[in-house]
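Engineer: Take this structure first; my questions come after.
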Amino acid sequence: MKNTLKGFIIALVCLSILSSCTVTQNISLENDNHGTTTMLLYADEFFNGVLQDLSPYLGTNQQDESVLENAVENMAQKIEQSPSVSDSFFFKADENNYLGNIKFLDINSLLDYLTDMKDQNLFIISNNEEKGQSHLEININMDNWDKLCIILPFLSEENFEVYGPVYNNGLSQEDYLDMIGFILGEDGPDKIKDSEINLIFQAPSEIQSSDGEMLEDNITAFHIPLIKLLLLNDPIKLECTW
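Note that the sequence shown covers residues -17 to 224 in the numbering used here.
And the structure:
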């Protein structure tokens, strides 16, 4: 009974991480598909407050460090082992921010490695030599959700999975937010709605078309609301051509 209660509380902690954070991923790509990527994970005070309230049940006051830091550490370890990575670092910048930086030799090889060399179609860079164009395509859907879970293993952790699309795909946004309000309190739904994943992509040349927001001639930003990722009622597909 004690382990079941602790597992449920850890699930709430994992959910509160996602429901009160913004993830910003910057990717700078060169012509031969090498480049750098920087990740910033911001978790606000709502997350810290949930952890403080739950700490007596977890038997520790340091759970706010272990849950989030372990998730970042596990991802960092796998990235550092990739033969496509020349250098990387991850660290806790302050109480609310985690920062990571990766220098990769080939972004397609890195993604293949992170998904255990399976035919990943989450993030694809392709080249059309005849037209002299390159193309970025991002796909997240129920068919490749398992590959995303390989990159981010905590998504398939049994205590968290019940809050993601495996169990909630097809549920309306209103019903899902009602459930979150019951679990995390009245602030929970607004935190979910305010959370998003931002991908800022810098192409090696001028961008010709993009589904995202254009920041500069060769930089575009894709904004993915967290609620869309948690439900996946519609496939997420984003494209860019340069």
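C-beta atoms are modelled at their ideal positions from N, C-alpha and C, and glycine is treated no differently.
#1: Under three-state DSSP, which class holds Tyr24?
#2: Who are the near neighbours of Gln190 in its chain, counting only those whose CB is closer than 8 Å to its CB and skipping five residues on each side?
#3: Do Ile201 and Lys210 come within 9 Å of each other at the CB atom, strictly closer than that value?
#4: Rounded to a whole number of angstroms, what is the C-alpha to C-alpha distance between Phe84 and Ala203?
#5: Does the structure place the region 154 to 164 close enough to the region 180 to 189 that three or more beta carbon pairs sit under 8 Å?
#6: By a C-beta neighbour count over all protein chains shown, 10 Å radius and 16 as the cutoff for buried, is Met21 buried or exposed?
#7: For Ser64, which residues of its own chain have a beta-carbon under 6 Å away from its beta-carbon, when the five flanking residues on both sides are left out?
#8: Helix or strand or just coil, what does DSSP make of Lys85?
#9: For Asn150, I'd like the list of residues in its chain whose CB is within less than 7 Å of its CB, leaving aside the five on either flank, ordered along the chain.
#10: Go through its chain and collect everything with a Cβ distance to Ala229's Cβ below 6 Å, but skip five positions before and after it.
#11: Using DSSP's beta-bridge definition, name the partner residues of Leu181.
#12: For Glu198 and Ser10, I'd like the C-alpha separation in whole angstroms.
#13: From Asp14 to Asn109, what does the alpha carbon distance come to, in whole angstroms?
#14: Tell whether a beta-carbon distance below 9 Å holds between Gly17 and Ile89.
#15: Per DSSP, which one or two residues make a beta bridge with Asn110?
Structural biologist: Concretely, from the data shown:
#1: strand
#2: Gln115, Thr223 and Trp224
#3: no
#4: The sequence shown places Ile at residue 84, rather than the Phe named in the question. The straight-line gap from Cα to Cα measures roughly 19 Å.
#5: no
#6: buried
#7: Leu92 and Tyr95
#8: strand
#9: Tyr158, Leu212 and Leu213
#10: Residue 229 falls outside the range modelled here, since the chain spans only -17 to 224, and no answer is possible.
#11: Gln7 and Phe204
#12: 13 Å
#13: 10 Å
#14: yes
#15: Gln115
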